[in-house]
Structure formats: structure tokens, C-alpha cells
Amino acid sequence: MTVPSVGEIRTLGVTGGIGSGKSALCACLRDLGAKIFEADQVARDLMESSRQVRKAVIQEFGPGSYHPDGSLNRPWLAGQVFRDEVRLEKLNAIVHPQVADAFDQRKREGLRGLLVHEAALIYEAKLEGRFDAVCVVSASSEIRKVRVIKRDGMSKDAIRERMRRQLPRKELERRADVVLVNEGDEQDLYRKAERLYGLAMSGAGLGPENFRLFRRL
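Okay, here's the thing in C-alpha cells:
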């Protein structure tokens, strides 16, 4: 395995549908030495910490977006964009550029090795061009539903609605540089994470050509 020189950072986007196991994969990659940028968490943090974002959210969605103590009223805001693609796009337009700036700042921090950008909506937000390559974590809809019900207690109707708002599995796989199928146990996922990490860190750089012979893990 070739380790990048000091100051060299390789960037990998990791995405996939709800319940596919993005976070589980990223936890494995962190154990292997990667730095993880959790874009969805960063977005939530920015909605509370950034004056610019807070002002824009309140202007677009109203003061009910925040509790009296200044914390984000997540359930209320989710209700404003639930099943409303136009309002969801407006919220994303407020937050996504700030998240992108935060990721770029992370890249400038003198890191070396692999920096992973974990996000639910990489292709939907047209972010794929910002990374050296993109990995899609994939699993059947039935497996994903079982995981989400066990993890979050969501209803099947709510899960179906979330899935409807994301790109279909086949389309995600078609766009990916590498597809990691996560339908086994934790050991199987870790073995695949090791293989992905090795591919990402091999050769002169990280790019789709690394995965030409290993497009599906």
C-alpha cells in the first residue's frame, strides 16, 4: 500500500440510501485510518452555529424553525419540508454551500491520507465532482427497512417516503465509481472496508481508474 506524502489528501465520497450502512462503513474506515467528514451532522451543526444560515432559515421557514433557547427545532422544520420537494430544495440551497465550504476548509488543514465525505445526498446535491471518487453503499430495500425500523423505530410509510426522495438503488450503483454491497454481517462489512481502503490508498492517486477491476465489492 502506498501512503500519500505529507500534505497529500485523497477524498472519497460515501453515499447510499437510508439504511444502507453508510455510517457503519465510515466507522470501519475510521478504524483503518481515514478521516471522516459527516456532512449531515455538519449541516445540522451549521443550522445552529452559523448566523448566516440561521437568518436564512428563519427568513424562509419562519421563527418556528428554532426553539426559544436557540436550538434547532428539527421536528418542526422536518414537517415543513416533508413531501414538499420545493421547500426541501430551498433548505438544501441554504445549507449545502456552507457544508461544502466546511469540507474545503477541512481539506486545507494539512491532513494526509484519506478524507471521507459521508452524505446521504451526494448525487442529488451534485457534489460528486468535488471528490476523487464516490463509493455507494448498497443493500436491498427489505434489508434497509429492517435496519431502519430496528435503529430508529420509523414506520414503514415514513421509510418508504424517505426512500422515494432518494435516488433508486440501481441509479446510485450506475453512477458510482465503486459499489460496496452491505448485505452481510459486521465482519463482512469490515473486510470490504479494508479492501476499499486499500484500493483508495493504492497507486499514485485516488480516482475511478483504481476501481476499474473492482467496481463491486
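Just so you know, the sequence shown maps onto residues 0 to 216 in numbering that gives the first Met the number 0.
Glycine is no exception: its CB is placed at the ideal position from the N, C-alpha and C atoms.
Just so we're clear, the structure is a prediction, and the values are computed from it rather than from any experiment.
Beta carbon of residue 73 nearer than 7 Å to that of residue 80: Translated into positions along the sequence shown, residue 73 becomes position 74. Translated into positions along the sequence shown, residue 80 becomes position 81. Not in contact: residue 73 and residue 80 (Cβ atoms no closer than 7 Å).
Residue 196 - DSSP class collapsed to helix/strand/coil: Taking the first residue of the sequence shown as position 1, residue 196 is located at position 197. Reduced to three states, the DSSP call for residue 196 is helix.
Counted within 10 angstroms of its Cβ, other Cβ atoms place residue 116 as buried (16 or more) or exposed: Your numbering for residue 116 matches position 117 in the sequence shown. It is buried - the Cβ of residue 116 has at least 16 other Cβ atoms within 10 Å.
Element boundaries [alpha helix (DSSP H), containing residue 35]: Counted from its first residue, the sequence shown places residue 35 at position 36. Looking at the DSSP string, residue 35 is not in any alpha helix (DSSP H); the run it does join, the beta strand (DSSP E), is 34–37.
Residue nearest to residue 160 in terms of C-alpha spacing, selected from 170, 175, 140 and 178: Here residue 160 refers to the residue found at position 161 of the sequence shown. Of the candidates 170, 175, 140 and 178, the one whose C-alpha sits nearest the C-alpha of residue 160 is 140.
Distance between residue 93 and residue 182 (C-alpha atoms, nearest Å): For this step, residue 182 is matched to residue 183 along the sequence shown. For this step, residue 93 is matched to residue 94 along the sequence shown. Taking the straight line from one Cα to the other gives about 35 Å.
Check whether residue 118 and residue 14 have beta carbons under 7 Å apart: Here residue 118 is taken as the residue at index 119 of the sequence shown, counted from 1. Here residue 14 is taken as the residue at index 15 of the sequence shown, counted from 1. Taking 7 Å as the Cβ cut-off, residue 118 and residue 14 qualify as a contacting pair.
Nonlocal neighbours in the same chain, by C-beta distance under 8 Å from residue 34, ignoring five residues either side: Walking along the sequence shown from the start, residue 34 turns up at place 35. Only 105, 110, 112, 113, 114 and 115 meet the Cβ criterion.
Beta bridge counterpart(s) of residue 133 as assigned by DSSP: Position 134 of the sequence shown holds residue 133. Paired residue(s): 12.
Proximal residues to residue 17 (C-beta, below 8 Å), its chain only, five neighbours per side dropped: Within the sequence shown, the letter at position 18 stands for residue 17. Only 119, 143, 147, 158, 161, 162 and 165 meet the Cβ criterion.
Length of the line joining the Cα atoms of residue 135 and residue 178: What you label residue 135 is simply residue 136 of the sequence shown in a count that begins at 1. What you label residue 178 is simply residue 179 of the sequence shown in a count that begins at 1. Distance between the alpha carbons of residue 135 and residue 178 is about 5 Å.
Rounded separation between residue 128 and residue 56 - CA only: Translated into positions along the sequence shown, residue 128 becomes position 129. Translated into positions along the sequence shown, residue 56 becomes position 57. Distance between the alpha carbons of residue 128 and residue 56: 27 Å.
Alpha carbon of residue 153 to alpha carbon of residue 202, nearest angstrom: Reading the sequence shown from its first residue, position 154 is the one you call residue 153. Reading the sequence shown from its first residue, position 203 is the one you call residue 202. Their Cα atoms are separated by approximately 43 Å.
C-alpha distance - residue 71 paired with residue 174, whole-angstrom precision: Mapped onto the sequence shown, residue 71 falls at position 72. Mapped onto the sequence shown, residue 174 falls at position 175. If you take the alpha carbons of residue 71 and residue 174, they lie about 34 Å apart.
Boundaries of the beta strand (DSSP E) in which residue 116 is found, first to last residue: Translated into positions along the sequence shown, residue 116 becomes position 117. Counting along the chain, the beta strand (DSSP E) containing residue 116 begins and ends at 112–117.
Whole-angstrom distance between residue 107 and residue 9, CA atom to CA atom: Working through the sequence shown from its first residue, we reach residue 9 at position 10. Working through the sequence shown from its first residue, we reach residue 107 at position 108. Taking the straight line from one Cα to the other gives about 12 Å.
Limits of the unbroken alpha helix (DSSP H) element including residue 87: By one-based count along the sequence shown, residue 87 stands at place 88. That run of the alpha helix (DSSP H) goes 84–106.
7 Å CB neighbourhood of residue 192 in its chain, flanking five on each side removed: On the sequence shown, position 193 is the one that residue 192 refers to. Answer for residue 192: 24, 27, 28 and 31, listed in chain order.
Same chain, Cβ closer than 6 Å to residue 189, five either side skipped, listed in chain order: The residue you call residue 189 lines up with position 190 of the sequence shown. Taken in chain order, the residues that qualify are 27.
Backbone CA spacing between residue 180 and residue 213 [nearest angstrom]: Residue mapping note: residue 180 aligns to position 181 of the sequence shown, counting from 1. Residue mapping note: residue 213 aligns to position 214 of the sequence shown, counting from 1. If I take the Cα positions, the gap works out to 12 Å.
Residue environment, residue 19, which counts as buried when at least 16 other CB atoms sit within 10 Å: For the purposes of this step, residue 19 is identified with residue 20 of the sequence shown, where counting begins at 1. When all chains shown are included, residue 19 counts as buried.
Test item: CB-CB of residue 95 and residue 77 under 7 Å: Numbered from 1 along the sequence shown, position 96 holds the residue referred to as residue 95. Numbered from 1 along the sequence shown, position 78 holds the residue referred to as residue 77. No; because the gap between Cβ atoms is not below 7 Å, this pair is not in contact.
CA nearest to the CA of residue 121, picked from 36, 66 and 65: To locate residue 121, count along the sequence shown from 1; it is residue 122. When each option's Cα is compared against that of residue 121, the closest is 36.
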